[in-house]
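Residue numbers (the numbering used here), protein chains in the order written: chain L, 1184 to 1695; chain B, 416 to 809.
We put the beta carbon where it would ideally sit given N, CA and C, even for glycine.
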Amino acid sequence: MSKTLLEMRDITKVFPGVIALSHVNLDITEGEIHALVGENGAGKSTLMNVLSGIYQFGTYEGDIIYDGKVCEFHRIRDSESQGISIIHQELALVPYLSIGENMFLGNEIAKHTLIDWDKTYAKADELLKMVGLKESSRTLIKDISVGKQQLVEIAKALSKNVRLLILDEPTASLNETDSRKLLDLLLGFKRNGMTSIIISHKINEVSYVSDRITILRDGAVIKTLEKNNGGSFSEDEIIKSMVGRSLTDRFPKREPHIGEVCFETKHWTAFHPIYQGRKICDDINITIRRGEVVGISGLMGAGRTEFAMSVFGKSYGTNISGSLFLNGKEVVLNSVKDAIEHHLAYVTEDRKGNGLILSNPIRENTTLSKLEKVSSHEVLDTDLEQKYAVEYTEKLSTKCSSVSQLVSNLSGGNQQKILLSKWMFADPDVLILDEPTRGIDVGAKYEIYCIINGLVAEGKSVLMISSEMPEILGMCDRIYVMNEGKIVGEFPRETASQEAIMFAIMKSGKGE
Amino acid sequence: MAPKSNVANALKKNTMLIALFAVMILFQIMITTSGRGSLFAPANISNLINQNSYVVILATGMLLCILTGGNIDLSVGSIVAVVGAVAGTLIVNMHMNIYLAIVFCLLSGIAIGAWQGFWIAYVRIPPFIVTLAGMLLWRGVALLILNGLTISPFPSNYLQYFTSFIPGGEVDSSTVFTVTMVVGILASLIFVILRIIDRKKKQAKQYEVEPLVFMVAKSVIIPVVVLTMSFLLGKHKGIPVVLVLAAIVVFVYSFYTSRTVPGRHLYAFGGNEKAAKLSGIDTNRVLFSVYLNMGFLSAVAALVCVARFNSAAPTAGQNYELDAIGSCFIGGASAYGGIGTVGGAVIGAIFMGVLNNGMSILGIDSNWQKAVKGLVLLIAVVFDVVSKKQVKSH
């Protein structure tokens, strides 16, 4: 039995209002590939950020014992000097610098600030060979594919004499062959004695590459699985452990009053705006009825947001084809303004980046998407605007000192309510809510659910995109499952379950 | 809401206004003690207005540019020169009808604005680059039109629209005083009556109203300032026509930014372009209109400038863009966009004007004047940024 390289003992990490990790124990044996799996928000990335020193020592409870010593990492550099290297989901490469420059960024081969370029590129080429890349190290990062960029990140880690390599969803943006190449590379490193931790959603990849699998859920370790007698893992067991949560009454009850179809897409297809030929939505057919809450479930990057935005006045994607029917009539929405005029609303998942004008007061945010309601001949009636804003803050019980308060000074939950007011003010018939409860606390979530119930009770329809499965199951009358730009399953409320949804996703993923 | 924090808020909102008064009083003390007359001498006030009206007009336009995300327009000085050159050629050399010439000048300003706006808004070339190019291009065009020479003098039927006083003509000083005071009193009365009507309307509809103390304070302070101004102007030659022109520009744009739908779009665009787009705002059109408008207001400023100097020179308008930009930032506009008011920019322009004027009266060396202005601009913005940071950390 080989020795334990890393032990994380009783790690607890609290964010304002949320317990991200609770008494997590993890031990990694030297020379193994250890997988961390779990749903979005289970705490995988948080745990790795604690380990690498991004969340510095003192901001969490518990001990990190690495190589037999208790470690206190105050910044990434501390953990790197110990041979721990983390490769994030979002690659940290500078597009307009060469591969070699990127590899030694912050770690330049230099004599008295003078960089030795010959040595840099020679060393870089050597490392590139190790990861199986044939590119010259003088190639610019922007000119190579995402899969190759991933390999460059690994080569960069190798340049730092890495002993423990952590990969956060390394295959999320790779195709099947590139993924396989990368996994085989990891297996090769393992033979040379390197230890790796891999975070992934893809069960088939995880069972292919790893020696042990630790499953996280709601910030706690559920179990660590060993390979069974046949040398493989039970996928059923992994999925059950990932999702096995009970649905208590975290969701307000609602009597559904479902009417005729009011929203329908047929063969909706859209392409990525930058990467030519990459389909982000592939032949999507969905329907929504009046008074219905319809959910779209799926993993991150499944194309749900992209679909919603492409429907909402073509605000994302190119070469959009397919047809959209509202109340039985085909419509073409070429701009967001068109979409709003056809009583469609899209409540973004990124309230700070895409939703609210943080430097403006509540009043101005509330009315922004439908200023016609508070103006005549382009002149605003600020008194009327004030009245509406007050009305909505009261209706949604938003906590604020007055409607003149700047939105930047509100809490996440209250900002979300302002965002909802803004779109409710626009008098939509169909609201697309993209991750409506992301990053807000449990109490505020419940209030948002009540608002959603209120909306459908008024005869409006809601399309809810969410990565939290309990929320989808607890709130929706019908659920579509989306994966890799396609609808891969549809479940009415009665037959929907976390297992069923997970299986739909996994099955479609394997089929490729 | 505690009344104390209300007062503190009101003071915080008006820090630049208070600073302006402080600087004026400081200069007044320094000027009177050194026996160089008075900052508030009737002739000097009139002079101050004539010297700075074009800055106020340009600062108003510049504010709209800055609101869209800290974008500035470097070309306004050169546009002033080129439109001035057109005016000189048409009016002096070609003896064109005055009104037709003015329309033509304004149209050429709009055309220049549309040209720059097109590249900025629809091709998305950074405004800094487009207007830097414009700065060189239009200066060159001005030199070409004028062949490097200065055109002067302008006919009096043109000058009367920009450099004369109300009441004009041959009237004695007591009539001037009476007319000016009557205008001042009327303006004050209208202001107070509008305030009261607005308040009554709000109360009738049960809307929120501002505390009575503020209402009374505003209804006292503003008329006092207006009446003092008209008293001083009445003692001199009357109300300068450019003051009326600048006041109209300020009033219209103030209304535009605070009370109209396109104005609101401007703030939304500057605050968060992506959010604005997803709210159905045509962001390209917003950006285009802002630069189109800057061209228009530059042309207005050009007409004022040629009249004031009674000449169209190829070197006219140099560094005007910097005065306009400085005014906006001193007046509290954010270098990141989305924050700022026309009123603030006007206060900034007056602040710079008073600084220039006060230092000139004191006989401070012009090299020093430049250095002081630079420091004041920096201090004003630092003060603004730091005070906002403190608010956040609470």
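Beta bridge counterpart(s) of L/Glu1409 as assigned by DSSP:
L/Glu1409 is bridged by DSSP to L/Arg1395.
Thinking C-beta only, is L/Lys1186 closer than 8 Å to L/Thr1229?
No, Cβ-Cβ distance for L/Thr1229 and L/Lys1186 is not below 8 Å.
At a CB-CB cut-off below 8 Å, which residues of chain B make contact with L/Asn1543?
What L/Asn1543 touches in chain B: Tyr682, Ala683, Gly686 and Gly753.
Which word fits B/Phe818, buried or exposed, when buried means at least 16 other C-beta atoms lie within 10 angstroms of its C-beta?
Given that chain B is displayed from residue 416 to residue 809, the structure contains no residue 818 of chain B and the question cannot be resolved.
L/Gln1726 at chain B interface by Cβ criterion, 8 Å
It is not possible to answer for residue 1726 of chain L, since the shown part of chain L is limited to 1184 through 1695.
Restricting to runs no shorter than 4 residues, where is the alpha helix (DSSP H) found entirely within the stretch 1509 to 1562 of chain L?
With a minimum length of 4 residues, the continuous alpha helix (DSSP H) runs that stay inside the stretch 1509 to 1562 of chain L are 1519 to 1524 and 1545 to 1550.
L/Ile1386 and L/Glu1418 look like a contact to me (Cβ under 8 Å); what is the Cβ gap, rounded to whole Å?
With a Cβ gap of about 5 Å, L/Ile1386 and L/Glu1418 count as contacting.
Alpha carbon to alpha carbon, how far is L/Gly1414 from L/Asp1193? Give it in angstroms, no decimals.
The alpha-carbon atoms of L/Asp1193 and L/Gly1414 are separated by roughly 30 Å.
DSSP state of B/Ile540 mapped onto helix, strand, coil
If DSSP states are grouped into helix, strand and coil, B/Ile540 belongs with coil.
Got a sec: is the Cβ-Cβ distance from L/Ser1498 to anything in chain B below 8 Å?
Residue-level contact by beta carbon holds for L/Ser1498 and chain B, with a gap shorter than 8 Å.
Let me check understanding here. Comparing Cα to Cα, which of L/Glu1651, L/Ser1542 and L/Val1530 lies closest to L/Glu1489?
Closest by alpha carbon: L/Val1530.
For L/Cys1633, the three-state DSSP class (helix, strand or coil)
Here DSSP, grouped into helix, strand and coil, assigns L/Cys1633 to helix.
Runs of 4 residues minimum, wholly inside the stretch 668 to 737 of chain B: which ones carry the alpha helix (DSSP H) assignment?
Counting only runs of at least 4 residues, the stretch 668 to 737 of chain B fully encloses the following alpha helix (DSSP H) elements, listed from N- to C-terminal order: 676 to 686, 688 to 693 and 698 to 724.
Within chain B, the residues that L/Gly1474 reaches when beta carbons sit closer than 7 Å
Within chain B, no residue comes near L/Gly1474; the closest Cβ sits about 26 Å away, beyond 7 Å.
Please classify L/Glu1630: is it buried, with 16 or more other beta-carbons within 10 angstroms of its beta-carbon, or exposed?
Label assigned to L/Glu1630: buried.
Among B/Gly773, B/Ser694, B/Arg554 and B/Leu489, the one whose alpha carbon lies nearest that of L/Ser1498
L/Ser1498 has its Cα closest to that of B/Ser694, out of B/Gly773, B/Ser694, B/Arg554 and B/Leu489.
Between B/Gly763 and B/Ile481, how many whole angstroms is the CB-CB distance? I'm expecting something under 8 Å.
Not quite, the Cβ-Cβ distance comes to about 11 Å (not below 8 Å), so this is no contact.
How big is the Cα-Cα spacing for B/Val491 and L/Lys1643?
Their backbone Cα atoms lie some 51 Å apart in a straight line.
Sequence-distant residues of the same chain with beta carbon closer than 6 Å to L/Gln1681, five excluded per side
If we look at L/Gln1681 and ignore the five residues flanking it on each side, its Cβ neighbours are Val1426 and Met1652.
Taking the alpha-carbon positions, what's the L/Ile1202 to L/Asn1232 distance?
Distance between the alpha carbons of L/Ile1202 and L/Asn1232: 15 Å.
Grouping DSSP H, G and I as helix and E and B as strand, with all else coil, what is B/Ile481?
Taken through DSSP and simplified to helix, strand or coil, B/Ile481 comes out as helix.
Roughly how many angstroms lie between the CA atoms of B/Thr811 and L/Pro1544, to the nearest whole one?
Residue 811 of chain B lies beyond the residue range present for chain B, which begins at 416 and ends at 809; the question has no answer from this structure.
Using 8 Å as the threshold, is the C-beta distance between L/Val1519 and B/Lys692 below it?
Contact: yes.
Does the separation of the CB atoms of B/Ala664 and B/Phe577 fall below 8 Å?
Contrary to the premise, residue 664 of chain B reads as Val rather than Ala in this sequence. No. Outside cutoff.
Could you compute how far the alpha carbon of L/Ile1467 sits from the alpha carbon of L/Glu1215?
In a straight line, the C-alpha of L/Ile1467 is about 42 Å away from that of L/Glu1215.
Which value, in whole angstroms, describes the spacing of the CA atoms of L/Val1207 and L/Ala1403?
Cα-Cα distance, rounded: 6 Å.
Please confirm whether B/Arg610 has its beta-carbon closer than 8 Å to some beta-carbon of chain L.
For B/Arg610, no Cβ of chain L is located within less than 8 Å of the residue's own Cβ.
Quick one: what's L/Thr1470 bridged to in DSSP?
Answer by DSSP bridge pairing, in chain order: L/Glu1447.
Starting from the beta carbon of B/Leu627, find every residue of chain L whose beta carbon is closer than 9 Å, and list them in chain order.
Those do not exist, as B/Leu627 stays about 18 Å from chain L at its closest Cβ, beyond 9 Å.
Run down chain L in chain order and give the residues with a C-beta less than 7 Å from the C-beta of B/Ala690.
Result: Asn1537, Gly1538, Leu1539 and Ile1540.
Under the three-state reduction of DSSP, which class applies to L/Tyr1575: helix, strand or coil?
Residue state for L/Tyr1575 is assigned as helix, using DSSP reduced to three classes.
Excluding sequence positions up to five away, which residues of its chain have a Cβ less than 6 Å from the Cβ of L/Asp1394?
Excluding residues within five positions, the ones whose Cβ falls inside 6 Å are Glu1215 and Ile1216.
C-beta neighbour in chain L for B/Tyr537, strict 8 Å
Using beta-carbon distances, B/Tyr537 does not count as an interface residue toward chain L, since no partner is under 8 Å.
Who are L/Ser1506's beta bridge partners in DSSP?
Per DSSP, the beta-bridge partners of L/Ser1506 are L/Lys1449.
Can you give me the Cβ contacts of L/Ile1337 inside the same chain, cut-off strictly under 6 Å, excluding the 5 residues immediately before and after it?
Cβ neighbours of L/Ile1337 beyond the five flanking positions: Val1314.
Neighbourhood of L/Gly1626 by C-beta, 8 Å cutoff - its chain only, sequence neighbours within 5 removed
In its chain, beyond the 5 residues on either side, Gly1596 have a beta carbon closer than 8 Å to the beta carbon of L/Gly1626.
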